[in-house]
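Asker: Before I ask anything, here is the structure I am working with.
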Amino acid sequence: MYQENVILCVSSKYEEKYYLNEDFENLPSSIQRELQIMCVLYTEEVGGILTLEFDSKGNLNFITAADDGDLLYDEIGSVLVIKRMREERKELLEALENYYRVFFLGEDEDFYDE
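In this text, residue positions in the sequence shown follow the working numbering: the first is 49, and each later residue adds one.
What follows is the structure, encoded as structure tokens:
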């Protein structure tokens, strides 16, 4: 069904905005809030732009970007913060991947119960 990458959410330090893809508005509000908090805290700590994006196989990728002239963007800190988020929010991120694979890619959910 989806052959291109699909953005879940984006947070920008430059615009001080957070965006959740409207295709995911049916996620529970607690998960939506947790995503927002996680992404906004990242951009407050590191700077730049953080995009959470599903690839064609349903893997959730963290994509970072910064303006060329942004001297405050912490590239090393970015890697460390993403690693920490992946560890601390492992269950949430895995659940989001499973959700995407079942409801967007049409894969069999029984596969993920093993």
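Quick reminder that beta carbons are idealized off the backbone N, C-alpha and C, glycines included.
(1) Should G125 and E93 be called a contact, given that it needs their Cβ atoms to be closer than 9 Å?
(2) When you compare only the Cα positions, how much space is there between L75 and I111?
(3) Pull up the distance between the alpha-carbon of Y160 and that of N146, whole angstroms please.
(4) List, from N- to C-terminal side, the alpha helix (DSSP H) runs of 4 residues or more that fit wholly inside the stretch 108-154.
(5) Given this structure, state the Cα-to-Cα distance separating K138 from L100, to the nearest angstrom.
(6) Per DSSP, what are the beta-bridge partners of L100 in this structure?
Answerer: Let me spell this out:
(1) Within the sequence shown, residue 125 is the residue found at index 77, counting from 1. Within the sequence shown, residue 93 is the residue found at index 45, counting from 1. Contact: yes.
(2) Numbered from its first residue, the sequence shown carries residue 75 at position 27. Numbered from its first residue, the sequence shown carries residue 111 at position 63. Each residue's Cα considered, the two are about 21 Å apart.
(3) Numbered from its first residue, the sequence shown carries residue 160 at position 112. Numbered from its first residue, the sequence shown carries residue 146 at position 98. For Y160, the predicted structure reports a pLDDT of 49, less than 50, and the residue's modelled location is therefore unreliable. The matter cannot be settled from this model.
(4) 123-136 and 138-151
(5) Position 90 of the sequence shown, counted from the start, is the residue given in the question as residue 138. Position 52 of the sequence shown, counted from the start, is the residue given in the question as residue 100. Taking the straight line from one Cα to the other gives about 14 Å.
(6) The count along the sequence shown starts at 1 and reaches residue 100 at position 52. According to DSSP, L100 bridges with C57 and F110.
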